[in-house]
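In what follows, a single structure is set out as structure tokens and then discussed.
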Amino acid sequence: MALNRDDQSPLFAAGVVGTLRLIVYLALACVLMVLDHRGGWLPSVRYGLSLVVEPVYRIAGLPSQGFHAATVAFADRQRLTDQNQRLREDLLLANAKLNRMASVAEQNQRLKELLDTQHSLSLNVQLARLIGVDLGSFRHRIVLNVGARDKVRPGQVVIDARGVMGQIVEVLPTTSVAMLITDPNHAIPVTIERTGLRTIAYGSRAGDMLMLPNIPVSADVQVGDKLVTSGLGGRFPPGFPVGEIRDVAQTPSGTFLSAQARPAADLDRSEDVLLLHDLAENAGPPEPAQEAGPPASLAPDPNAPPAATPAPAPTGASTAAAPAGGAP
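Here is the structure:
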């Protein structure tokens, strides 16, 4: 583009002064190129100037770098927060699964103990699950998930893998209620396994102990003695564990010994129980035997005519025959 003469450019100004200034600038540029090519001192100058200019560039770029760093930090923080939340959820889920597996393993162990009890004793039993608990000061009862439709009947003994729990007292169509041996209204005939002493174990309001208030003073009863069912009364089969003596003391009157026993069954932890179908034989005198007589095939027919009576032998014949068998 042609320059107008009216332009006030100091480099390309019209006139002799402008031309001389241009020539001086060109000569200076040529001298600098020659000196730089031969001496190599211009890079040193540029290097020194860069030391001065570089902080300016850094200061100028700080806002952009700070904004970028803040954006990255916020994004990383958000990503880490989300990742932490997912890890916490996975940890909670893993802990829940682990606890569930531990619970299932414990339940399988209890079921195995119940099955071992059934096989070792060859019992006719029925498996039931505990679905309700009523543990008060005057009632110690549990509700089971089997009832009349499952052929449950009152009086059936309830046991777990460790011992006797109680007996069925109420049967409904789909559920049944069992009274625990610790119920204040319950009593069970027991035998001290070590000595064979028979006595009665009663429930207590404490809910976790059995009372034996009528032990003779002369009886040999010690802490740690095992109690088993005696079979008397016709309700509980003999030989099942009932409890263990924990305390023995004299009654205030001094005529008897009183003992406390802890139940052998896990009354407050069992979830699966067994109902016995083989009850003990009723106590009492045996039933009278049936009258003996001829078989029915040999009994006389009431509709048959009477048989003829044989005639008596003559007297003379019998008299004559007598010497034949006597002396000659």
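Residue numbers (full-length UniProt numbering): 1 to 328.
The beta-carbon is built from N, C-alpha and C at its ideal position, and this holds for glycine as well.
Values in this document were obtained by computation on a predicted structure and should not be read as measured data.
Integer-rounded CB distance, given that P184 should sit under 8 Å from V169: About 14 Å; that fails the 8 Å criterion.
Decide if the segment 132-140 is in contact with the segment 230-237; the criterion is three or more beta carbon pairs, one per stretch, under 8 Å apart. no
Where the beta strand (DSSP E) through residue 336 begins and ends: Residue numbering for the chain in the displayed model covers 1 to 328; residue 336 lies beyond these limits and cannot be assessed.
If you pair each beta-carbon of the segment 242-261 with each one of the segment 155-162, do three or more pairs fall below 8 Å? no
Could you pull the DSSP bridge partners for M211 from this structure? Y202 and Q260
Local conformation of V34 per DSSP, three classes: helix
Can you tell which of H186, I200 and N145 has its C-alpha closest to the C-alpha of P173? N145
Bridge partners - residue 372, DSSP secondary structure assignment: With the chain running from 1 to 328 in the structure shown, residue 372 is simply not present.
If we call anything under 9 Å between Cβ atoms a contact, is T182 one with P213? no
Out of E271, M211, L276 and V125, state which residue places its alpha-carbon closest to the alpha-carbon of E106. E271
Just the Cα atoms here: how many angstroms apart are P237 and M101? 36 Å
Quick check on DSSP: helix, strand or coil for E170? strand
If you draw a straight line from the C-alpha of A206 to the C-alpha of F138, how long is it? 9 Å
Does the separation of the CB atoms of A201 and V242 fall below 9 Å? yes
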